[in-house]
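Engineer: In this note's numbering, the protein residues as written are 1 to 147.
#1: For my contact list, residue 72 and residue 118 are in at a C-beta cut-off of 8 Å; report their separation, rounded to the angstrom.
#2: Roughly how many angstroms separate the alpha carbons of residue 100 and residue 116, rounded to a whole number?
#3: With distance defined between alpha-carbon atoms, name the residue in 93, 122, 88 nearest to residue 150.
#4: So, residue 90 versus residue 131, is the Cβ gap smaller than 8 Å?
#5: With distances taken Cα to Cα, identify the nearest neighbour of residue 68 among 105, 77, 111.
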């Protein structure tokens, strides 16, 4: 028996309904969904919850709290909310580098400076950071300025 539209007329002179399902739109939708999943699946790997096994090893000593250095509009330097004299800044940064590491092991530094400051003032503080070996410096901004 062939599958196709019925050409004849049914009883009472009416056409009989077509008994086949058109699968072409279904295949098109499925192919689009397949492409979407193929593109998004690698992006979802980072957010997969993993139940890690237990271990008797101790936790690593992580010092991931950043050090905040702020320079206000008058040029005063603050190290984690404590005012620091410019003469003692190099010594304190040297102590931080000695206790928390230098180079790749150095702590993250967040440098916040007032927008009205002289460029040279900010660069002097960055120079002291570089001299102490604290090279992981991030400049903090307020965000996108609306005009």
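The beta carbon of each residue, even a glycine, is placed where N, CA and C say it ideally should be.
Structural biologist: So, to answer that:
#1: Going by Cβ atoms, the distance from residue 72 to residue 118 rounds to 13 Å, so no, they are not a contact pair.
#2: 32 Å
#3: Outside the shown range of the chain, which is 1 to 147, sits residue 150, and nothing can be said about it.
#4: yes
#5: 111
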